[in-house]
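Participant: I'd like to ask you about the structure that follows.
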Amino acid sequence: MTAFFLERGFRWLLPVMLSPITDPLWPDPAGEGIEPLEVTVYGVRMRLMHSMILHKQLAIAMGLKRFFVLSPNVRIEGRSKDDGRHAYEFTQLDFEIEGASMKDIMRLVEELVSGLFREAEEWTGRELPRAKRFEIFEYEEILEEFGSEEEASKAMEEPFWIVNIPREFYDREVNGYWRNYDLYLPGGYGEVMSGGEREWEYGKIIRKIRDAGLSEEAFRPYLEIARAGKLRPSAGAGIGVERLVRFIVGAKHIAEVQPFPRVPGIPAVI
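Here the sequence shown is numbered in the working numbering, starting from 1135 and rising by one per residue.
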């Protein structure tokens, strides 16, 4: 996947591991309560990354146009160890493009994933989905037809998109329509990528933070840059590397594709 992005002019950035700010992962219909892991570094309270979404926006504000990061994330959630999809320590391939639209990102990801499946068939011997364009469903449509995203994933035979999902303040909302998108894998493998166009106007960002009941102080450095008008329109996504590998090789549990498994509810041995 890294070659795919490098060939298209993306810069490869190194990840942020600790920061005073990180993704709140709230409100999000697919999320649960996250227990933040914090340490004090030189008198500053720092958190382990939930995701680099806010730092991606800040990197765009610094003048970077298109880039990707292999970003280690830690999320201590109340997930079941038996669902096979969740790990509390995992890696995302995060990317962002200045000025991009949701359509731009969805087409780019379709090209990436369909090409990856063709290559993977050669070395796994497994038959993988053939579609080059993935069907698009509204979030409410999924709930009405299937009851949940997980049930939709079980019913589908090809990857599919879910769009217009009410969630975190940084995803762009235009006249009540959320310009975001999640990619789901068939066969019950579930969500493998989440992304959206980004809010960049301070007034909209601060209103959504307040409406969600989040602490403004928790995002102070980010909000100062937004207040100064330095955020830029952008769009991007984060691809769950282990989840994608799990699907490609047909593993039943995500622990099978981690050399040092980090399964919710199970103490790590090493």
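Where is the CB? At the ideal position from N, CA and C, for every residue including glycine.
In chain order, what residues of the same chain lie with their CB nearer than 6 Å to the CB of Y1273, ignoring the 5 residues before and after it?
Facilitator: Only I1296, N1298, I1299 meet the Cβ criterion.
Participant: Do you know offhand how far G1363's Cα is from K1199's?
Facilitator: Near 17 Å, if we compare the C-alpha coordinates of K1199 and G1363.
Participant: So is M1186 in contact with chain B if we call contact Cβ pairs under 8 Å?
Facilitator: Structure shown: chain B not included; a single protein chain is present.
Participant: With DSSP as the reference, please indicate the residues paired to L1319 in a beta bridge.
Facilitator: Note: L1319 sits in a beta bridge opposite G1324.
Participant: In whole angstroms, what separates the C-alpha of R1267 from that of H1220?
Facilitator: The straight-line gap from Cα to Cα measures roughly 27 Å.
Participant: Go through the region 1145-1232 residue by residue and report every complete run of the alpha helix (DSSP H) that reaches 4 residues or more, in order.
Facilitator: Taking only runs of at least 4 residues, the alpha helix (DSSP H) segments lying wholly in the region 1145-1232 are 1187-1195.
Participant: Whole-angstrom Cβ separation of G1324 and Y1318, contact assumed at under 8 Å?
Facilitator: Contact holds; Cβ gap of about 6 Å.
Participant: Does DSSP put V1397 in a helix, a strand or coil?
Facilitator: In the structure shown, V1397 sits in coil (DSSP, three-state: anything other than H, G, I, E or B).
Participant: Quick one: what does DSSP say E1269 is sitting in, helix, strand or coil?
Facilitator: Note: E1269 maps to strand in three-state DSSP.
Participant: Spell out a yes or no on whether the region 1320-1335 and the region 1198-1213 are touching, meaning 3 or more CB-CB pairs, one atom from each, closer than 8 Å.
Facilitator: Taking 8 Å as the limit for Cβ pairs, the verdict is that the region 1198-1213 does not touch the region 1320-1335.
Participant: Could you give the distance in angstroms between the alpha-carbon of N1309 and the alpha-carbon of K1342?
Facilitator: Between N1309 and K1342, the C-alpha separation is close to 14 Å.
Participant: Would you call W1257 buried or exposed, if buried means 16 or more other Cβ atoms sit within 10 Å of its Cβ?
Facilitator: W1257 is exposed by the Cβ-count criterion.
Participant: On the three-state DSSP scale, how would you describe F1294?
Facilitator: DSSP places F1294 in strand when its eight states are reduced to three.
Participant: Are three or more beta carbon pairs between the region 1149-1164 and the region 1173-1186 nearer than 8 Å?
Facilitator: Yes, the region 1149-1164 touches the region 1173-1186.
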